[in-house]
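Note that the protein sequences, when read in sequence, are chains G and X. Its first residue numbered 1, the first sequence is counted upward by one per residue in the numbering used here. Its first residue numbered 1, the second sequence is counted upward by one per residue in the numbering used here. Note that the Cβ used here is the ideal one computed from N, Cα and C, for glycine as well. Model, not experiment: these values are computed from the prediction. Here's the structure, in structure tokens; my notes come after.
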Amino acid sequence: MRELSYDVVTIGGGPAGMAAALAAREAGAERVLIIERDRELGGILQQCIHNGFGLRRFEEELTGPGYAHRYIDMVKATDIDVWLDTTVLAAEPGGVITSVSPHAGLMVVRAKSVVYAMGCRERTRGAIRTPGSRPAGVFTAGAAQRMVNMEGYLPGKEVVIVGSGDIGLIMARRMTFEGAKVKAVFEIMPYSNGLTRNIVQCLEDFDIPLYLGHSVTAIHGKDRVTGITVSQVNDRLEVIDGTAFDVSCDCVLLSVGLIPENEIGRAAGVALDPITSGARVDQFRQTSIPGFFAAGNVLHVHDLVDWVSEEAAIAGRSAARHARGELPASGPERSVAAGEGLRTVVPQRLSALEPGKMSVRFYFRAAKPMGASVLQFWADGVLAFERKLRVVKPSEMIVADIPVRKIGDAATLEFRVVPAPEKTEAEDAIEEEA
Amino acid sequence: MAGSFGAGPLPDSADVVVIGGGVVGCAIARSLSRYELSVLLIERSPDVATGTSKANSGILHAGFDAEPGTWKARLNVQGARLYAELSEGLGIPRKATGSLVVAKDAAQMETVADLRHRGIDNGVPGLEIWSREQVLAHEPNISPDISGALWAPTGAIVCPFLATVGFAENAIRNGVRIVTECAVTGLEVVDRQIVAVNTSCGRVATRFVVNAAGLHSGEIARLAGDDSFTIKPRRGEYILFDRSVGQLINTVLFPTPDKVSKGILVSPTVHGNVFIGPDATEIDDPEDRETTAGGLAGIIAGARRIMPTLPLGTAITEFAGLRAAAGKDFVIGPSPAARGLVHAAGIQSPGLTSAPAIGEVMIEVLQDVGLRLRSKASFVPVNPAKPRFHEMDRATQAELIAADPLFGRVICRCETITEAEIVAAILSPCGARTVDGVKRRVRAGAGRCQGGFCGPRVTAILARELGIPVTAVRKDSADSWLFLSRADLDAGEGIHA
């Protein structure tokens, strides 16, 4: 077993891993390594051949591979080491990483800083407990996307999509382009979990019906799937008797949520946020284990890759500073809570704020769709800051910069989203300030 | 006759034909392979262990349930002992966890005391009545409102797929031919004597037929004019939980049984998962493996009576299995209708436990109907060990990769299964032919992502190793195709349509 030393190692070479490694190198980390399990960099972007990536980061509309290649080219232009076809078996506190590959065998890497960038995986049929038989033809949307876009095979001809996550919506359009009949998308919630632009461009433009408030109550078929039974649900998500109907199909694609792929962090004992299923981090994206950082979908599931790149750059810079011993010590922990109207907030805690820093950026997911709303920031129980939100959707991340002077010395920070009151001049003024 | 496995031509004749590649048929084939006989096992599916053997509790029962004097009582205790002897050599994962029958009141304490006496009559060693405190010390997460339990130290858990594959592989190594994707269509009987088996892939002349066709064993008997028993399938639903909650329990936890079944149990699996189930629903269709919302809700409620803090959020899959029930006891012995036809049928619980003992007793049954046996000097009782990468220490892992670099490529991230293990599972004498076959042998796709990551990769490896197109790779059953080529769709008619 060979042993090597690095300043910063990112576990994962997708958008988060590449952005973190580049930022670490730019921030002065001398020896930086990306470990990637696939045979090329880019992660899940490589199978996302549709466009819509990079509007924020590059001010251009790119495909997934296009966005990935911007970063791959940047990585190649540096002396960052990249290990492909390499799987991390363990990353222990103290920065001892054990990896394995066919070409180099078992390797032990000693890293001063580690960035988790493993991405996420798809929720399965088992996780949502869909009854019925277990025939061939039931795939998670992402697995099907890989087969179609990277391997050139189709998962079926008559498709039903369960769940309205973005991958499912994208696959509805993709399968239509491939000549398959996409019969419907069924979503148990009364609202979609996908981006509005995907509802319009992937369903409405192709006359694919979206059934909200509908649950799949059975999957049928012995060898290959032959159809599903669907029922309406009430506001407690319980099946309404007498509403069942059957839809024939030879393929069911599931797009029912994403879960951070956090096994390596969990094994190392990193404290997790039970709602995001990612690590609890501070504004440096440092986890509960000093020197271990997290960014991208392994931290919390993002809607746009542009935010992933931005967050990963924070983690990468912090990792570089930690490697040099220049990251401020955590100090007393200040907790950040997602209160009324919100499901998640990242970061979930604050370390000592650095002098000269003007604001801290927070990322939120809403608990439910709302119209015009106000994002409130409460410091030690006092309303310290408000920002208007035109519309709130669980599928779209809310990003807000909170001025450091508003945070002050507060020990507990809480964010809420509440319905906007009737518009007043005073609130317009607040909006201006934001 | 050289051993073999796969779809393929049938021999013209065989000394013994075993119908059914479940754990019972495979154990019988292995027992027969100790003798100088040509043995043919025929199986309808592309793989072994695709019926009742693939969806059951995976428990080696201690043997206190069955009424003394029944086949169940005799074969259960003997089978549990045989697994203890055979498992390691055959590569069958087995864990001696012990089991508890949990009583929640005075009446149930009386029932478990009766079970203990019955167990003693059946020859089950080591049975003890435990107090509430003893149980809670052993199982801290169990419901605190229990009164006590029956402790059976010989209760154990086993991998039912690898038990079947272990018996099948050893049978093949000792000369048994297993022909898959071959359905029995008729039994030729002349003067009340079996003379041949007709199948979807031809005719085999034989004078001895073992009916181990599980859910279809009644239909097989009927082909010889034998209506001495009927299979009434009884479905049981299960929920399987992630390995991350494997520390929840240490042993198999049964509720105190009622008249119909052993009740909803909470059990570890040999691979470190936890499962709950099964319920018991009589059904008509011997292929109806649908889970139901009501069934799943019922087993959750049942399991909560033993384990109130069930981690429902960590469920990774649900499935249903069918018990091939034919009355109270197993149907073991010669057919009253046709000489040479013998039954190993109606094998419901404790069938998995009993399987190796059924293998032994069927030798006696066949001898009784005239099969002449001569021991085979070349019989090899064990299978070569198959390295399981994730169970090895780092130094051994490094040696494995040095010998075969494919041990360095992790294909299934959830279970840390390497490409070398998957290739070996396909190329071994009883090799996987389907994606589920790979999963059952090496657990690629059996973890929390349920093949979301490794499924396409396993499909590609199967295509490569079997020399077939990706469009010919199947999930499990003969017609369970997974992917179409673009040309199939362009032509407007799938090749599989």
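Check glutamate 139 of chain X in the structure and name its three-state DSSP category. Taking the second sequence and counting its residues from 1, one reaches residue 139 of chain X at position 139. Glutamate 139 of chain X: coil per DSSP, three-state reduction.
Give the DSSP-derived three-state secondary structure of threonine 52 of chain X in the structure shown. Working through the second sequence from its first residue, we reach residue 52 of chain X at position 52. Helix, per DSSP.
Residue nearest to aspartate 285 of chain X in terms of C-alpha spacing, selected from X/His216, X/Ala7, X/Ile422: Position 285 of the second sequence, counting from 1, holds the residue named residue 285 of chain X. Ranking X/His216, X/Ala7, X/Ile422 by Cα distance to aspartate 285 of chain X puts X/His216 first.
May I have the straight-line CA-CA distance separating glycine 163 of chain G from leucine 258 of chain G, to the nearest angstrom? For the purposes of this step, residue 163 of chain G is identified with residue 163 of the first sequence, where counting begins at 1. For the purposes of this step, residue 258 of chain G is identified with residue 258 of the first sequence, where counting begins at 1. Rounded to whole angstroms, glycine 163 of chain G to leucine 258 of chain G spans 11 Å at the Cα level.
I'd like to check one pair, alanine 27 of chain X with phenylalanine 161 of chain X: are the Cβ atoms closer than 8 Å? Start at 1 with the first residue of the second sequence, and residue 161 of chain X comes out as number 161. Start at 1 with the first residue of the second sequence, and residue 27 of chain X comes out as number 27. No. Outside cutoff.
On the three-state DSSP scale, how would you describe alanine 91 of chain G? Within the first sequence, the letter at position 91 stands for residue 91 of chain G. Of the three classes helix, strand and coil, the one that applies to alanine 91 of chain G here is strand, per DSSP.
Hey, alanine 366 of chain G and isoleucine 407 of chain G: beta-carbon distance below 8 Å or not? The residue you call residue 366 of chain G lines up with position 366 of the first sequence. The residue you call residue 407 of chain G lines up with position 407 of the first sequence. Result no, Cβ atoms of alanine 366 of chain G and isoleucine 407 of chain G do not sit closer than 8 Å.
Between lysine 54 of chain X and chain G, is there a C-beta pair that is closer than 8 Å? Working through the second sequence from its first residue, we reach residue 54 of chain X at position 54. No, no contact with chain G.
Inspect the beta-carbon positions of glutamate 169 of chain X and serine 133 of chain G and report whether they are closer than 8 Å. By 1-based counting over the second sequence, the position of residue 169 of chain X is 169. By 1-based counting over the first sequence, the position of residue 133 of chain G is 133. No, the Cβ-Cβ distance between glutamate 169 of chain X and serine 133 of chain G is not below 8 Å.
List the residues that DSSP assigns as beta-bridge partners of alanine 324 of chain X. Position 324 of the second sequence, counted from the first residue, corresponds to residue 324 of chain X. DSSP lists X/Pro233 as partners of alanine 324 of chain X.
Could one say the Cβ of isoleucine 299 of chain X lies closer than 8 Å to chain G's Cβ atoms, at least one of them? As a first step, residue 299 of chain X must be located in the second sequence, where it is residue number 299. No, isoleucine 299 of chain X does not count as interfacial toward chain G.
Which residues in chain G sit within 9 Å of alanine 402 of chain X, going by Cβ to Cβ distance? On the second sequence, residue 402 of chain X is found 402 positions in, with the first residue counted as 1. Those are Gly105, listed as they occur along chain G.
Less than 8 Å separating the beta-carbons of valine 77 of chain X and valine 48 of chain X? For this step, residue 77 of chain X is matched to residue 77 along the second sequence. For this step, residue 48 of chain X is matched to residue 48 along the second sequence. Contact flag unset, no.
By the 10 Å Cβ neighbour count, where 16 or more other Cβ atoms means buried, how is aspartate 242 of chain X classified, buried or exposed? Position 242 of the second sequence holds residue 242 of chain X. Label assigned to aspartate 242 of chain X: buried.
Compute the distance between the beta-carbons of phenylalanine 186 of chain G and histidine 214 of chain G, then report whether it is under 8 Å. To locate residue 186 of chain G, count along the first sequence from 1; it is residue 186. To locate residue 214 of chain G, count along the first sequence from 1; it is residue 214. In this structure, histidine 214 of chain G lies closer than 8 Å to phenylalanine 186 of chain G by Cβ.
Look at glycine 119 of chain X and glycine 63 of chain X and say whether their C-beta atoms are less than 8 Å apart. Within the second sequence, residue 119 of chain X is the residue found at index 119, counting from 1. Within the second sequence, residue 63 of chain X is the residue found at index 63, counting from 1. In this structure, glycine 63 of chain X lies closer than 8 Å to glycine 119 of chain X by Cβ.
Which two residues bound the contiguous beta strand (DSSP E) that contains tryptophan 71 of chain X? Looking up residue 71 of chain X in the second sequence gives position 71. Where tryptophan 71 of chain X is concerned, there is no enclosing beta strand (DSSP E), although the alpha helix (DSSP H) it sits in stretches over 71-90.
Can you list, in chain order, the stretches of the alpha helix (DSSP H) that have 4 or more residues and sit fully within the segment 449-476 of chain X? 455-466
Residues of the segment 269-292 of chain G with Cβ closer than 9 Å to any Cβ of chain X, in chain order: none
Nearest-angstrom Cα separation, counted from valine 252 of chain G out to valine 159 of chain G: Here residue 159 of chain G is taken as the residue at index 159 of the first sequence, counted from 1. Here residue 252 of chain G is taken as the residue at index 252 of the first sequence, counted from 1. Whole-angstrom Cα-Cα distance: 6 Å.
Got a sec: is the Cβ-Cβ distance from phenylalanine 483 of chain X to anything in chain G below 8 Å? Reading the second sequence from its first residue, position 483 is the one you call residue 483 of chain X. For phenylalanine 483 of chain X, the answer is yes, since a Cβ of chain G falls inside 8 Å of its Cβ.
Give the secondary structure of isoleucine 495 of chain X by DSSP, where H, G and I count as helix, E and B as strand, and everything else as coil. Taking the first residue of the second sequence as position 1, residue 495 of chain X is located at position 495. Low per-residue confidence applies at isoleucine 495 of chain X: pLDDT is 39, beneath 50, and the placement is therefore not dependable, though the value from the model is reported in the following sentence. Isoleucine 495 of chain X: coil per DSSP, three-state reduction.
Starting from the C-beta of glycine 42 of chain G, find all residues in its chain whose C-beta is less than 6 Å away, skip the five residues before and the five after it, and write them out in chain order. In the first sequence, counting from the first residue as 1, residue 42 of chain G sits at position 42. The residues are Ala68.
Please list, in chain order, all residues of the same chain as alanine 213 of chain X whose beta carbon is under 7 Å from its beta carbon, the five residues on each side excluded. If you number the second sequence from 1, residue 213 of chain X lands on position 213. For alanine 213 of chain X, where only same-chain residues beyond five positions count, the Cβ hits under 7 Å are Ile19, Gly20, Ile220.
Identify, in the order they occur along the chain, each residue of the same chain with its Cβ nearer than 8 Å to the Cβ of proline 334 of chain X, setting aside the five sequence neighbours on each side. Taking the second sequence and counting its residues from 1, one reaches residue 334 of chain X at position 334. Only Leu341, Val342, His343, Val365, Asp368, Val369 meet the Cβ criterion.
Quick one: is isoleucine 495 of chain X near chain G, going by C-beta distance under 8 Å? In the second sequence, the residue the question calls residue 495 of chain X occupies position 495. Reliability of the predicted coordinates at isoleucine 495 of chain X is poor, the pLDDT of 39 falling under 50, and the value obtained from them is presented with this limitation in mind. Not an interface residue.
Could you name the residues of the same chain whose beta carbon sits closer than 6 Å to that of lysine 439 of chain X, not counting the 5 residues immediately before and after it, in chain order? To locate residue 439 of chain X, count along the second sequence from 1; it is residue 439. Same-chain partners within the cutoff: Gly445, Ala446.
Cβ of valine 9 of chain G less than 8 Å from any chain X Cβ? Here residue 9 of chain G refers to the residue found at position 9 when the first sequence is read from its first residue. Answer no: the Cβ-Cβ gap between valine 9 of chain G and chain X never drops below 8 Å.
To the nearest whole angstrom, what separates the beta carbons of alanine 80 of chain X and threonine 154 of chain X, a pair I think is in contact under 8 Å? For the purposes of this step, residue 80 of chain X is identified with residue 80 of the second sequence, where counting begins at 1. For the purposes of this step, residue 154 of chain X is identified with residue 154 of the second sequence, where counting begins at 1. Contact holds; Cβ gap of about 6 Å.
DSSP three-state label for valine 230 of chain G, please. As a position in the first sequence, residue 230 of chain G is number 230, starting the count at 1. DSSP places valine 230 of chain G in strand when its eight states are reduced to three.
First through last residue of the beta strand (DSSP E) which encompasses threonine 98 of chain G: One-based indexing of the first sequence puts residue 98 of chain G at position 98. Element bounds for threonine 98 of chain G: 96-101.
Residues, ordered as in the chain, of the segment 110-131 of chain G that lie near chain X by beta-carbon distance below 7 Å: Arg121, Glu122, Thr124, Gly126, Ala127, Arg129, Pro131
Is the distance from the Cβ of glutamate 30 of chain G to the Cβ of aspartate 7 of chain G below 8 Å? Along the first sequence, read from residue 1 onward, the residue named residue 30 of chain G stands at position 30. Along the first sequence, read from residue 1 onward, the residue named residue 7 of chain G stands at position 7. Yes, the Cβ-Cβ distance between glutamate 30 of chain G and aspartate 7 of chain G is below 8 Å.
Taking the alpha carbon of threonine 78 of chain G as the point to measure from, which residue in G/Thr87, G/Ser99, G/Glu26 has its own alpha carbon closest? The residue given as residue 78 of chain G occupies position 78 in the first sequence. Closest by alpha carbon: G/Glu26.
Chain X contact for glutamate 40 of chain G (CB, 8 Å cutoff): Here the question's residue 40 of chain G lines up with position 40 in the first sequence. Closer than 8 Å: no.
Reference alanine 301 of chain X, options X/Leu127, X/Ile276, X/Ala325, closest by Cα: Residue mapping note: residue 301 of chain X aligns to position 301 of the second sequence, counting from 1. Nearest of X/Leu127, X/Ile276, X/Ala325 to alanine 301 of chain X, Cα basis: X/Ile276.
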